[in-house]
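Enquirer: Structure in structure tokens, see below.
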Amino acid sequence: MSTVQRKKLLSGPILLSAVKDSFIKLNPVTLMKNPVMFVVEIGTIIVLLMVLVPGYFNAEQAVGFNISVFFILLFTVLFANFAEALAEGRGKAQADSLKKTKQDITANKLVGTAIKIVASSELRKGDIVIVSQGELIPGDGEVIEGLASVDESAITGESAPVIKEAGGDFGSVTGGTRVVSDEIKVRITSDPGESFLDRMISLVEGAKRQKTPNEIALNTLLISLTIIFLIVVVTLRPIASFLGVELDIPVMIALLVCLIPTTIGGLLSAIGIAGMDRVTQFNVLAMSGKAVEAAGDINTMILDKTGTITFGNRMASEFVTVGKESDLELTAWAAISSLKDETPEGRSVLELAKKLERSYDSSLGEGGTFVEFKAETRMSGMDLLDGRSVRKGAVDSVKKWVLANGGMIPDNLDSNSDAIARLGGTPLAVAVDGRIYGLIYLKDTVKPGMKERFEELRKMGIKTIMCTGDNPLTAATIAREAGVDDFIAESTPEDKIAVIRREQNEGKLVAMTGDGTNDAPALAQADVGLAMNSGTTAAKEAANMVDLDSDPSKIIEVVAIGKQLLMTRGALTTFSIANDIAKYFAIIPAMFTLAIPEMEVLNVMGLGSPSSAIISALIFNAIIIPLLIPLAMRGVPYKPMSSAKLLRRNLFIYGLGGVIVPFAGIKLIDMIVSIWI
12 MSTVQRKKLL SGPILLSAVK DSFIKLNPVT LMKNPVMFVV EIGTIIVLLM
62 VLVPGYFNAE QAVGFNISVF FILLFTVLFA NFAEALAEGR GKAQADSLKK
112 TKQDITANKL VGTAIKIVAS SELRKGDIVI VSQGELIPGD GEVIEGLASV
162 DESAITGESA PVIKEAGGDF GSVTGGTRVV SDEIKVRITS DPGESFLDRM
212 ISLVEGAKRQ KTPNEIALNT LLISLTIIFL IVVVTLRPIA SFLGVELDIP
262 VMIALLVCLI PTTIGGLLSA IGIAGMDRVT QFNVLAMSGK AVEAAGDINT
312 MILDKTGTIT FGNRMASEFV TVGKESDLEL TAWAAISSLK DETPEGRSVL
362 ELAKKLERSY DSSLGEGGTF VEFKAETRMS GMDLLDGRSV RKGAVDSVKK
412 WVLANGGMIP DNLDSNSDAI ARLGGTPLAV AVDGRIYGLI YLKDTVKPGM
462 KERFEELRKM GIKTIMCTGD NPLTAATIAR EAGVDDFIAE STPEDKIAVI
512 RREQNEGKLV AMTGDGTNDA PALAQADVGL AMNSGTTAAK EAANMVDLDS
562 DPSKIIEVVA IGKQLLMTRG ALTTFSIAND IAKYFAIIPA MFTLAIPEME
612 VLNVMGLGSP SSAIISALIF NAIIIPLLIP LAMRGVPYKP MSSAKLLRRN
662 LFIYGLGGVI VPFAGIKLID MIVSIWI
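If you want it as structure tokens, here you go:
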């Protein structure tokens with residue numbers, strides 16, 4: 012999602028919609044999903060009845076007090092509803108921006124050998140469509156023929172187009188994206204309403220998200236505390252009556268509302284929804300809140316090398332001369348051999364020549380015949396009009412070709428070739444007729460910044476393991492360059508699953524990133540499976556998260572957000588329970604001081620009167636919810652540190668703060684309220 016889109020998430024329309032939804036959510040059927048606030052609403056209704064028919068409750072003398080209690084309780088519920096509605100509104104705003112991308116467009120459906128123009132809504136799984144330059148891809152699918160640049164900015168927010176080609180792990184395309192160049196044949200992989208974009212829209216709409224196990228457990232705790240305090244308050248009246256103290260119903264309701272954990276009860280849903288929204292804002296689609304929470308407790312991360320740690324295609328990184336040949340001649344012939352080579356390796360040769368600022372006569376390739384790479388020859392190149400033949404390919408194949416043309420093999424060819432192989436690269440020999448000019452060093456390049464990102468994971472206490480099908484020598488080179496903790500060479504899909512299960516059997520939570528079909532089983536086995544959007548459909552369907560930017564290091568942000576989510580819940584729960592202490596000291600002395608003067612010693616805040624004390628505690632209880640909404644939406648700041656240090660920090664800030672802030676807040680409110688009471 013782009014920066015502009017994120018800035019719109021808290022716009023005026025979203026705030027107005029949240030206010031409207033706050034009143035809609037007063038429906039008891041809806042509010043029953045939040046038991047704590049449902050109890051507050053029941054209390055609000057009871058006090059309202061006492062205001063409307065005071066004679067029936069013998070409350071004629073306390074109408075003003077009861078009206079104050081009613082409005083404070085009403086705003087307590089509304090503020091809690093507003094927090095949830097605002098979090099849902101952010102998700103709905105994201106969904107609306109995605110819905111603009113989803114439109115019913117025409118598709119060039121292939122029927123036999125003919126092309127039939129149909130609406131995209133008529134396409135079904137298995138249909139074949141042709142998409143040309145400038146056209147929108149009509150549905151999710153896989154490229155089965157051709158190569159094209161695709162603009163995915165409507166989905167990812169990134170303007171740079173990506174290359175999609177048949178075969179390999181970069182062949183999946185998303186409906187609603189646009190082909191920028193060339194033409195591709197696509198097999199549709201989803202029926203209408205089941206596309207990747209449809210799932211995104213559904214998942215980012217907060218109202219449709221299910222509660223996570225952690226949220227359910229905390230909700231159960233809040234229900235238990237509410238029931239306990241409800242029993243306490245109900246039994247308190249006969250005890251007070253025995254002591255000669257008459258407790259009015261509004262006072263008892265005020266005590267109950269202040270005793271039960273209304274702060275965390277009002278913010279719990281907003282915290283969960285906001286956590287998933289934060290992941291979406293990083294262009295990661297989480298299939299469930301459970302995956303986001305699990306990310307916060309990850310111990311081990313398994314990473315597929317190709318396309319995840321590395322770019323996936325072996326790219327030309329260096330020209331290595333042999334014999335007495337010059338760099339300029341080697342570069343020129345390597346470039347000429349690649350002029351019509353549309354493979355990623357071929358394009359990278361031309362890019363390297365341009366990067367090195369080495370010129371060559373491209374006109375030599377005009378009119379020449381391109382020789383495609385074949386498994387039998389393991390070479391490609393050009394047959395020029397002047398009769399010369401240029402070849403690049405596997406060293407042994409080029410050697411045989413040169414010898415067949417009466418040429419000689421340079422003495423240092425094999426030694427230079429072996430040196431490239433030891434570094435984990437692939438050497439391609441370049442020759443013209445019977446003369447070898449040198450080698451192209453193809454390297455599966457590690458993505459920029461990976462080493463620094465893995466160091467961040469190490470600080471979080473997360474071990475990184477790279478899985479690759481490369482030989483041990485190549486794997487060790489890439490692992491050292493990327494900075495991972497461990498690696499598994501020549502790994503199979505079964506090896507990836509085995510290492511994940513081994514870590515899980517040790518009680519660890521495991522994350523897996525990957526993009527290929529062979530990664531799908533491991534992505535499904537892992538506690539957190541993050542698939543690259545550039546990868547195959549199988550990988551994306553097996554994972555419980557999809558990174559729209561195809562950046563494997565994004566898992567660091569996902570982990571941080573997961574930790575933020577857990578920390579935010581814990582911090583606000585601690586604060587909610589801690590600030591009840593101040594409310595006890597405000598309300599309990601106010602209830603009993605007139606009949607039991609000795610209880611005045613508990614009035615440590617020196618509150619003005621019993622009525623002002625109760626009203627002040629209720630007002631603080633109500634306003635603390637909207638004051639904490641920004642924290643619930645943004646999350647508690649996370650910095651890598653030990654669990655013990657983190658616990659001490661949060662207890663100090665939110666535990667001690669949860670005791671001190673209410674004392675100061677209730678006293679300040681009482682000073683203001685006492686002027687009118």
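Residue numbers (our numbering): 12 to 688.
Heads up, the beta-carbon is just placed ideally off N, CA and C, and yes, glycines get one too.
#1: Give the secondary structure of I139 by DSSP, where H, G and I count as helix, E and B as strand, and everything else as coil.
#2: Quick one: give me the first and last residue of the alpha helix (DSSP H) that K36 is part of.
#3: What do you get for V15, buried or exposed, if any count of 16 or more other CB atoms within 10 angstroms of its CB means buried?
#4: How far does the alpha helix (DSSP H) with E501 in it reach, from first residue to last?
#5: Should L27 be labelled buried (16 or more other beta-carbon atoms within 10 Å of its own) or exposed?
#6: Answer yes or no: do T188 and E163 have a C-beta to C-beta separation smaller than 7 Å?
#7: Is any heavy atom of the ligand COA found at a distance shorter than 6 Å from the C-beta of K474?
#8: DSSP state of N77, grouped into three classes?
#9: Determine the DSSP secondary structure at K175, reduced to helix, strand or coil.
#10: Could you tell me which residues DSSP pairs with G452 in its beta bridges?
#11: Take I8 as the anchor and find which of N119, T231 and D591 has the nearest alpha-carbon.
#12: In chain order, what residues of the same chain have a beta carbon less than 6 Å from the beta carbon of I635, not counting five sequence neighbours either side?
#13: One question on the structure: do G418 and R446 come within less than 7 Å of each other, judged by their Cβ atoms?
#14: List in chain order: all unbroken beta strand (DSSP E) runs of 3+ residues lying wholly within the segment 283 to 310.
#15: So, helix, strand or coil for I476, using DSSP?
#16: Where does A118 sit, in a helix, a strand or coil, going by DSSP?
#17: Counting only runs that start and end within the segment 525 to 582, where is the beta strand (DSSP E) found for 3 or more residues in a row?
#18: Pick out the complete alpha helix (DSSP H) segments inside the segment 339 to 404, 4 residues or longer, and give them in chain order.
#19: Work out the CA separation of T548 and G137 for me, nearest whole Å.
#20: When we look at the beta-carbon of Q144 and count the other beta-carbons within 10 Å, is it buried (16 or more) or exposed?
#21: Please identify the residue among L254, I489, K565 and V80 whose C-alpha is closest to the C-alpha of R433.
#22: Tell me whether the beta-carbon of K196 lies closer than 7 Å to the beta-carbon of I234.
#23: So does the segment 338 to 349 actually touch the segment 363 to 375, counting three or more Cβ pairs closer than 8 Å?
#24: I'd like the list of long-range same chain contacts for A535, defined as Cβ closer than 7 Å, with 5 residues on each side in sequence excluded.
#25: Determine the direct distance from the alpha carbon of D530 to that of P504, and round the result to whole angstroms.
#26: In its own chain, which residues sit with a C-beta less than 6 Å from the C-beta of S33, not counting the 5 before and 5 after it?
#27: Leaving out five residues before and five after P621 in sequence, what residues of the same chain have Cβ atoms less than 6 Å from its Cβ?
Expert: For this structure:
#1: strand
#2: Note, K36: premise wrong, no alpha helix (DSSP H); not H, not E.
#3: Confidence is the limiting factor: at V15 the pLDDT is only 38, short of 50, which leaves the residue's position unreliable and the question unanswerable from this model.
#4: Taken as a continuous stretch (DSSP letters only), E501 belongs to no alpha helix (DSSP H), as it is neither H nor E.
#5: exposed
#6: yes
#7: By its list of ligands, the structure shown contains no ligand whatsoever, and the ligand COA lies outside what it can speak to.
#8: helix
#9: strand
#10: Strictly speaking, residue 452 in this sequence is Tyr, with Gly absent from that position. Paired residue(s): E329 and P438.
#11: Beyond the ends of the chain as shown, which are 12 and 688, falls residue 8; an answer cannot be given.
#12: T274
#13: yes
#14: Fully enclosed beta strand (DSSP E) runs of 3 or longer: 295 to 297.
#15: strand
#16: strand
#17: Runs of the beta strand (DSSP E) spanning 3 or more residues and lying entirely within the segment 525 to 582 occur at 539 to 543 and 556 to 558, in chain order.
#18: Within the segment 339 to 404, the complete alpha helix (DSSP H) runs of at least 4 residues fall at 355 to 366.
#19: 13 Å
#20: exposed
#21: Answer by Cα proximity: I489.
#22: With contacts defined as CB atoms closer than 7 Å, K196 and I234 fail to qualify as a contacting pair.
#23: Taking a contact to require three or more Cβ pairs closer than 8 Å, the segment 338 to 349 and the segment 363 to 375 qualify as touching.
#24: So the list reads A553, once near-sequence residues are dropped.
#25: 6 Å
#26: Spatial neighbours of S33 in its own chain (CB-CB distance under 6 Å, excluding positions within 5 residues in sequence) are listed in chain order as L89, N92, F93 and A96.
#27: A601
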